[in-house]
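Residue numbers (the working numbering): 4 to 175.
Next comes the structure, spelled out in structure tokens:
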């Protein structure tokens, strides 16, 4: 009887694990999104409007440009990963005010949440056009998307700290 119970338990847990990993990459992106969204938007909110033109050195982008870059990356990567069309939105410009840029940033994350809700791993092997016309797999863009969220927030955190502001993830 004990062997039957153990075998049944193993089969149950194996079936549960399989069901949980049917779309491991797409599911991981969906799981990562809320935390990244929260920190990136909070960092954009934390930077004062008059500092959106700030850049640490002459060769670096302004904070406002960084926000436009995040918006564009979200729209492109999320559409490509999920195999859905990019949203038709007015192009964000670094000269736009903070309120407009933060609204665009929030909209880009809303789009990502919607797009990624439609994503599944069965399409990750397909190729699609990326920046500069390069053909890459949707899987490569999924990895780029996740990495871009970390990279972009790291940049935001650096810009905030250089302006005496504690980044959202470092607050207690």
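Backbone N, C-alpha and C define an ideal beta-carbon position, used for all residues, glycine too.
Spatial neighbours of residue i in its chain, beta-carbon cut-off 6 Å, leaving aside the 5 residues before and after
i: residue 55; result: 66, 67 and 101
i: residue 57; result: 66
i: residue 2; result: Residue 2 is absent from the model: the chain starts at 4 and stops at 175.
i: residue 133; result: 139
Limits of the alpha helix (DSSP H) - the one that residue i falls within
i: residue 93; result: From DSSP, residue 93 is part of no alpha helix (DSSP H); its letter is neither H nor E.
i: residue 75; result: 66 to 85
i: residue 47; result: 27 to 49
i: residue 107; result: 101 to 120
Residue range of the beta strand (DSSP E) that includes residue i
i: residue 138; result: 138 to 140
i: residue 129; result: Unbroken run through residue 129: none, as it is neither H nor E.
Residues of its chain near residue i, where Cβ-Cβ distance is below 7 Å and the 5 sequence neighbours each way are ignored
i: residue 36; result: 115, 116 and 119
i: residue 28; result: 124, 127, 142 and 145
i: residue 80; result: 144, 147, 148 and 151
Close beta carbons around residue i, own chain, < 8 Å, minus the five adjacent residues each side
i: residue 70; result: 47, 55, 95, 97, 104, 105, 107 and 108
Below-7 Å beta-carbon distance, residue i vs any chain C residue
i: residue 28; result: Although the question refers to chain C, the structure presented lacks it and comprises just one protein chain.
Under 7 Å between C-beta atoms of residue i and residue j
i: residue 45; j: residue 84; result: no
i: residue 156; j: residue 77; result: no
i: residue 49; j: residue 168; result: yes
i: residue 165; j: residue 59; result: yes
i: residue 82; j: residue 75; result: no
Cβ-heavy atom distance, residue i to the ligand COA, below 6 Å
i: residue 134; result: Among the components of this structure there are no ligands whatsoever, and the ligand COA is therefore not found.
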